[in-house]
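The structure appears right after this line, and notes come after that.
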Amino acid sequence: MDLRFTPEEIAFREEVRTFFRTEIPAEIRAKVSEGRKLAREDYVTSQRILNDKGWAVPHWPVEHGGQSWTAVERYIFMEELMQAAVPLPLQFNCFMVGPVIATFGNDAQKQRFLPRIKSLEDWWCQGFSEPGAGSDLASLKTRAVREGDHYIVDGQKTWTTLGQYADWMFCLARTDPAAKKQAGISFLLIDMKSPGITVRPIITIDGRHEVNEVFLDNVKVPVENLVGEENKGWDYAKFLLANERTGIARIGMSKERIARIKRLARTTPAGAGTMWDDLDFRSRLASVEIELKALEITQMRVVAAQATRDPTKPDPASSILKIKGSELQQATTELLLELAGPNALPAHRDDAGHNDMDSLFAWADTAAPTYFNMRKVSIYGGSNEIQHNVIAKAILGL
Amino acid sequence: MNFDLSDEQSLLQDTVRRWAGATYPGLEQLAAARGEPLGFSEARWNELAELGLLALPFAEADGGFGGGPVEVLVVAEALGRALAPEPYFASVVLGGGALRLAASQAQKDALLPGLMDGSSRLAFAHSEAQARYDLQDVATTARPVEGGFRLDGRKSVVLNADAATMLVVSARTSGARRDDDGITLFLVPADAAGLTRAAYPTHDGGRAADVTLADVFVPEDAVLGAVGEALPVIERVVEGGIVALCAEAVGLMEALHELTVDYLKTRKQFGVAIGSFQALQHKAVDMFVALEQARSMALYATMMVEAEDAEERRVALSAAKAQINRSARMVGQTAVQLHGGIGMTMEYIGAHHFRRLATIELTFGDTPFHTRRVASETGLVSVD
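Protein sequences appear in the order of chains A and H.
For the first sequence, our numbering assigns the number -2 to the initial residue and increments by one for each residue that follows.
For the second sequence, our numbering assigns the number 1291 to the initial residue and increments by one for each residue that follows.
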């Protein structure tokens, strides 16, 4: 047993750490750290820099632009990326549709889509959830009917994150209405410029436009945009969701936020001193740090076990990472909000042109939206209650 | 990064688990051992000696097996699972830890053979009632006299002191009660004139004693380590103890979780196994998550206990103990709750795991104590 990184791994960590902190523009990283809204261009700029270095999709097969890194190196890479407040490479491109096309797509699809996925020339969004299909995803109703060399797709998707920027959508649609639930679903790639697509914003509890509803009305999709086999889409979706859960603990992000809270606490006045002098606040911060350290080791255990696991099958232990990781992310946003105190109340000062103020509390404007927004993390990616069901069944045998 | 045990460590784990499982298959055997005058059976203690476990953490040059923190983790976890009542923690981990860290070669030569063959045992007589968890808080005094020292004071809840042949006693040779400097460790025979032990059972099925020292004379060569400089040694002994407690707690939680999940699968109400109820399933999952978080921190403690940097070590061990404490409380309470009425009875073995977990929380620092320590230092996440 040896829980230390090897000298090579430490050198690798230094290399990626330096790269993130010198090559990704400080202004973009500051936006991530401070919880400010990123423009489409910010995502694109950051991902292009990674892509030019060959690091946009290190976990992909090497022939499609991946790196032959070990599981530990991939883990270090993602942790350092998050701690440097670099925007995550677009999840829908790099962790979802890319691996599905690389694994189940045909050669033409691979050549056409993969290079543009990793460079973010095409922005992808996810067409899975529907108003009636949330945790019970397989009950989705969107239909795709074959007519000659194309499908006609009708239905409604929802919670489409950053769909307002998307060029393409990967979409689950029912191709065999007679089949039972999971059977009869196909995985389609849909051009968002197709006639019949309407994107409607949903403003979430943080007051921002992050997610959308997407209506599909008689949308023509060429048959060549079917991934894999017709009616086998559920298998590909399961593969995709297993990928999604990798790194879902977001430990690096929580660490980054804790470091920021510690810095801000030292300059935030409270009583005769600062919030840093408030031992009760410090104790609660320490409690979160302790759980986070435990989760970091748990994540390393899962990473170490990956070496001997079938990578296409989800590891039920990753459900622990999802549950605890989301709880801790939320706990850090609560501490940030508490630190901001009454100064958290002003909304949209930056949008209203007040962002030139040199206030000690300029940072506090985003504390509440961050807190509000992060309520999502215990809901998405399989709600925490679903994760409990997964562990109860797959690990405890209940 | 590698979480696997070596072949030798796996073998050790198998050996201790098999011994503990066969020796304490249920409450009946446990109750018989606890009913012995010292709370365990000498014959069983000798079996541990024959298995080489009493010699495990000592250097090969001293006749031991040179085991490190991982070996301690493996043994403590396996003994913990079975609620084994032998004073392994008090004698080998704590007392033996003090010898390993501070004893002269002559002291090792005199004491280690008996300790390793089971014929003698140690107790770590450091804690005092007023000190709570502050290791520097020592009121017991040692006055230099002709040829040695005279000790006066009272040590509180000294684990397995009644089973010890020799006590490692901390006493103040200089300074005020809460000073860091001026503490000295002494080797005091259990039968020394003026030393009395008032022994009693503890709530976890173990035993301890309050030890009174009234003008107890010890010769100069009874000093363990340097005069007045014992605090860093005591801290490291306790850090080693925390690793063992963390591992023991993981063994206990694992056993308790298995018992609980088993119960959910077999206990029927409303015509079905109660494990089919989602409300209970989710509680069992929360126990599992708490157990795995604790397991991770036991491994972390094992890794960090030998770190060179004292502050880094302190923060890491405090973080580990705080996590273990929190998990222990959650797992223990939930196990009782999910068992319902039967979980409230002493006839049920899980109740004994629960009681031991509760006492582990109160040994070498509770959750608020260790959380405050993490908060008072740099903490675990550096600011950059």
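In this text, a Cβ means the ideal position worked out from N, Cα and C, and glycines have one as well.
Minimum C-alpha distance to residue i - residue among the options
i                 : options                                    : result
LYS229 (chain A)  : A:ASP173, A:PHE369, A:ILE383, A:LEU111     : A:ASP173
CYS122 (chain A)  : A:LYS190, A:ARG247, A:LEU336, A:MET272     : A:LYS190
TYR233 (chain A)  : A:GLY95, A:PHE212, A:GLY193                : A:GLY95
LEU213 (chain A)  : A:GLN153, A:TRP165, A:THR201               : A:GLN153
GLY249 (chain A)  : A:ASP39, A:ALA81, A:ILE25                  : A:ALA81
ALA1618 (chain H) : H:GLU1667, H:VAL1673, H:ALA1545            : H:ALA1545
GLU1337 (chain H) : H:ASP1304, H:ALA1310, H:GLY1640, H:LEU1373 : H:ALA1310
GLY1484 (chain H) : H:SER1394, H:ASP1470, H:ALA1498, H:PHE1507 : H:PHE1507
ILE73 (chain A)   : A:GLY225, A:ALA262, A:ALA130, A:GLU6       : A:GLU6
PHE17 (chain A)   : A:ALA262, A:LYS50, A:LYS34, A:ARG37        : A:LYS50
THR1455 (chain H) : H:GLY1385, H:VAL1605, H:ASP1576            : H:GLY1385
GLN1613 (chain H) : H:PHE1414, H:ALA1321, H:LEU1581            : H:LEU1581
GLN1570 (chain H) : A:HIS385, A:GLY32, A:LEU134                : Before going on, a small fix: residue 1570 (chain H) reads as Leu here, not Gln. Checking every option, the nearest Cα to that of LEU1570 (chain H) belongs to A:HIS385.
ALA1498 (chain H) : H:ALA1504, H:TYR1490, H:TYR1590            : H:TYR1490
ASN1615 (chain H) : H:VAL1383, H:GLY1565, H:ILE1650, H:VAL1523 : H:ILE1650
SER323 (chain A)  : A:GLU77, A:ALA135, A:ARG281, A:ASN370      : A:ASN370
GLN1299 (chain H) : H:GLU1361, H:ILE1564, H:SER1331            : H:GLU1361
ILE194 (chain A)  : A:VAL216, A:ILE294, A:GLU293               : A:VAL216
LEU1425 (chain H) : H:GLN1559, H:VAL1575, H:VAL1523, H:THR1668 : H:VAL1523
THR1668 (chain H) : A:LYS321, A:ARG279, A:ASN381               : A:ARG279
Integer-rounded CB distance, given that residue j should sit under 8 Å from residue i
i                 : j                 : result
ALA1388 (chain H) : LEU1514 (chain H) : 6 Å
LYS1528 (chain H) : VAL1448 (chain H) : The identity of residue 1528 (chain H) in the sequence shown is Val, whereas the question assumes Lys. Not confirmed; about 14 Å, so no contact.
ARG1487 (chain H) : ALA1429 (chain H) : That pair is no contact at about 18 Å.
ALA1520 (chain H) : SER1460 (chain H) : 6 Å
ASP(-1) (chain A) : ASN1292 (chain H) : 5 Å
ALA1392 (chain H) : GLN1303 (chain H) : Actually they do not touch by this definition, with Cβ atoms about 29 Å apart.
ALA170 (chain A)  : ALA141 (chain A)  : 4 Å
GLY1354 (chain H) : ALA1366 (chain H) : With a Cβ gap of about 17 Å, GLY1354 (chain H) and ALA1366 (chain H) do not count as contacting.
VAL1458 (chain H) : LEU1412 (chain H) : 6 Å
Cutoff 8 Å: residue i Cβ touching any chain H Cβ
i                : result
LEU0 (chain A)   : yes
ILE413 (chain A) : Chain A is shown from -2 up to 395; residue 413 (chain A) falls before or after that span and cannot be answered.
GLU144 (chain A) : no
LYS28 (chain A)  : no
LEU276 (chain A) : yes
LEU282 (chain A) : yes
ILE248 (chain A) : no
GLU11 (chain A)  : no
VAL330 (chain A) : A small correction: the amino acid at residue 330 (chain A) is Thr; Val does not occupy that position in the sequence shown. So, not an interface residue.
ILE388 (chain A) : yes
MET93 (chain A)  : no
VAL374 (chain A) : no
Neighbour flag for residue i against chain A, beta carbons, 8 Å
i                 : result
GLN1397 (chain H) : no
TYR1590 (chain H) : yes
MET1291 (chain H) : yes
ARG1662 (chain H) : yes
SER1300 (chain H) : no
ALA1310 (chain H) : no
PHE1578 (chain H) : yes
MET1620 (chain H) : no
ALA1609 (chain H) : yes
HIS1643 (chain H) : no
LYS1558 (chain H) : no
HIS1572 (chain H) : yes
GLU1582 (chain H) : yes
SER1586 (chain H) : yes
ASP1656 (chain H) : no
Heavy atom of the ligand GTP within 7 Å of residue i beta-carbon
i               : result
VAL59 (chain A) : With respect to the ligand GTP, the structure offers nothing, as it holds no ligand at all.
Is the stretch 1377 to 1385 of chain H close to the stretch 1527 to 1545 of chain H, with three or more CB pairs under 8 Å? yes
I'd like the ranges of any alpha helix (DSSP H) spanning at least 4 consecutive residues and lying wholly in the stretch 1332 to 1379 of chain H. 1332 to 1340, 1359 to 1371
What alpha helix (DSSP H) runs, 4 residues minimum, are completely inside the stretch 41 to 128 of chain A? 68 to 80, 95 to 101, 104 to 115
Continuous beta strand (DSSP E) assignments of at least 3 residues falling wholly in the stretch 1477 to 1529 of chain H: 1485 to 1491, 1497 to 1509
Would you call the stretch 141 to 160 of chain A in contact with the stretch 202 to 217 of chain A, where contact means no fewer than 3 C-beta pairs closer than 8 Å? yes
Starting from the N-terminal side, write out each stretch of the alpha helix (DSSP H) that is 4 residues or longer and does not extend beyond the stretch 280 to 344 of chain A. 315 to 337
Those runs of the beta strand (DSSP E) which lie wholly inside the stretch 1400 to 1448 of chain H and span at least 3 residues: 1412 to 1415, 1431 to 1435
In chain order, which continuous runs of the alpha helix (DSSP H) of length 4 or greater are located wholly inside the stretch 1596 to 1663 of chain H? 1600 to 1629, 1639 to 1651
Would you call the stretch 218 to 229 of chain A in contact with the stretch 1629 to 1647 of chain H, where contact means no fewer than 3 C-beta pairs closer than 8 Å? no
Could you say if the stretch 139 to 148 of chain A and the stretch 53 to 73 of chain A meet the contact criterion of at least three C-beta pairs nearer than 8 Å? no
Should the stretch 1648 to 1662 of chain H be regarded as contacting the stretch 263 to 273 of chain A, the criterion being three or more beta carbon pairs within less than 8 Å? no
Should the stretch 1429 to 1440 of chain H be regarded as contacting the stretch 1399 to 1412 of chain H, the criterion being three or more beta carbon pairs within less than 8 Å? no
The stretch 295 to 303 of chain A contacting the stretch 1621 to 1629 of chain H, beta-carbon criterion three pairs below 8 Å: no
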